[in-house]
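Okay, so here's the structure we're looking at.
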Ligand SMILES: [Mg+2]
């Protein structure tokens, strides 16, 4: 069997609850890999700068090749090779950036294809499932008027009523009106106090057992991150994510050494960066994303390295339901998995674009149920996709 094409399709539609709870349009990008046997795989790539050029680069290498040779593809694209060079291999050995993002998207489609060829779910390609339903933590970011405590109360009531025990907010969107300088990485005491008061409302409504996480979006300096973490300690947060600029593992370790809240990090990192972050004792919970890390097999490698250090893995996800299901297969196959993120709960069309035999994308408690269908067990609903096709795009 040979690969005959690698294609992408962008869909655009509304997300009523985006960053800061504000409505916006969102674009998702699906990837399809075809073969001469008529079997195909579906995955998702990040809709980022340069990603389509990277996917074209992957396509050139993959055309005519064996679709089951997934790791050789990833290695060739990301680290190049030894002499005699394949003229189609990377000349620059880029380990992160657009090529890695593109490889990630194509790899997720190749995994679906490999599962279909072998007649087994993707989680079995990774060693088998530890669990048959996958916990989701909902990204709620913030509310449109953060000074209105009623909005925080209503949001917490709604999330818990919809069955979610795990959810996350963005630190810089909790009391943004008190941010006095967007550049100096500081949060003054008035903003720390307001952040505590608003999150305390959420904790009160959601109850003592809710797992509430906070995302710092790499925004703060070490001093502010530690001061904020100490102020929020009574709220017993699940984690404080990316408190300081990423890939500054020394700064992150200084925060981790002083923070009463566990530090979660890694959403844009590649495996070598995870190795270094773990080796430097700079993290409590790793947080890879299939749109960046190099695909499921690279994600599994990172998860296992963390597991050997007794570190759990949450999975970051700014992708659509397609990426969520791919990440659910990874989560199923990793013993140390604790939850996968989801942003687009209010953009129902994003979940409706994917169809799975016999199950919805999310069950009544917000988990992603797994099935024993080959690959991811997903088909694209072309009627829904047609409705949200981005300008200039064609259907798969
Ligand atoms: Mg984050």
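Numbering (this note's numbering), first residue to last: -16 to 379.
Idealized CB from N, CA, C, for every residue including glycine.
Near ligand 1: residue i beta-carbon under 6 Å from a heavy atom
| i | result |
| --- | --- |
| residue 160 | no |
| residue 194 | no |
| residue 122 | no |
| residue 241 | no |
| residue 310 | no |
| residue 267 | no |
| residue 155 | no |
| residue 198 | yes |
| residue 324 | no |
| residue 224 | yes |
| residue 250 | yes |
Cβ-Cβ distance between residue i and residue j below 7 Å
| i | j | result |
| --- | --- | --- |
| residue 215 | residue 179 | yes |
| residue 78 | residue 323 | no |
| residue 196 | residue 148 | no |
| residue 373 | residue -7 | yes |
| residue 289 | residue 269 | yes |
| residue 58 | residue -11 | no |
| residue 238 | residue 211 | no |
| residue 267 | residue 250 | no |
| residue 300 | residue 307 | yes |
| residue 2 | residue 162 | no |
| residue 257 | residue 285 | yes |
| residue 213 | residue 236 | no |
| residue 33 | residue 81 | yes |
| residue 17 | residue 353 | no |
| residue 336 | residue 117 | no |
| residue 132 | residue 150 | no |
| residue 305 | residue 27 | yes |
| residue -15 | residue 8 | no |
| residue 364 | residue 338 | yes |
| residue 165 | residue 201 | no |
| residue 342 | residue 83 | no |
| residue 198 | residue 255 | no |
Neighbour-count burial assignment, residue i, 16 or more Cβ in a 10 Å radius
| i | result |
| --- | --- |
| residue 99 | buried |
| residue 203 | buried |
| residue 260 | buried |
| residue 295 | buried |
| residue 375 | exposed |
| residue 378 | exposed |
| residue 312 | buried |
| residue 13 | buried |
| residue 30 | buried |
| residue 233 | exposed |
| residue 10 | exposed |
As assigned by DSSP and simplified to three states, the class of residue i
| i | result |
| --- | --- |
| residue 41 | helix |
| residue 138 | helix |
| residue 151 | strand |
| residue 165 | coil |
| residue 305 | helix |
| residue 296 | strand |
| residue 287 | helix |
| residue 366 | helix |
| residue 279 | helix |
| residue 352 | strand |
| residue 359 | coil |
| residue 24 | strand |
| residue 268 | strand |
| residue 316 | coil |
| residue 132 | helix |
| residue 11 | strand |
| residue 85 | helix |
| residue 223 | strand |
| residue 120 | strand |
Cβ of residue i within 7 Å of any chain B Cβ
| i | result |
| --- | --- |
| residue 101 | Among the protein chains of the structure shown there is no chain B, as only one such chain exists. |
Q.
For the stretch 85 to 96 against the stretch 269 to 289, do three or more pairs of beta-carbon atoms, one drawn from each stretch, fall closer than 8 Å, so that the two count as touching?
A. For the pair of segments examined, the stretch 85 to 96 was found to touch the stretch 269 to 289: the number of CB pairs separated by less than 8 Å reaches three.
(Q) Can you confirm whether the stretch 93 to 100 touches the stretch 355 to 373 when touching is taken to mean that 3 or more C-beta pairs between the two stretches lie within less than 8 Å? (A) By the Cβ criterion, the stretch 355 to 373 is in contact with the stretch 93 to 100, since at least three pairs of Cβ atoms, one from each stretch, lie closer than 8 Å.
Q. How do the stretch 127 to 136 and the stretch 179 to 189 stand: do at least 3 beta-carbon pairs fall below 8 Å, yes or no?
A. Short answer: they touch.
Q | the stretch 120 to 130 / the stretch 45 to 60 touching (three or more Cβ pairs under 8 Å) | A | Short answer: they don't touch.
Q) Any chance the stretch 242 to 258 sits against the stretch 223 to 233, with 3 or more Cβ pairs inside 8 Å? A) Counting Cβ pairs under 8 Å, three or more are found: they touch.
Q) With contact counted as at least three CB pairs below 8 Å, one residue from each stretch, are the stretch 98 to 115 and the stretch 309 to 316 in contact? A) The stretch 98 to 115 makes contact with the stretch 309 to 316: 3 or more CB pairs, one atom from each, lie closer than 8 Å.
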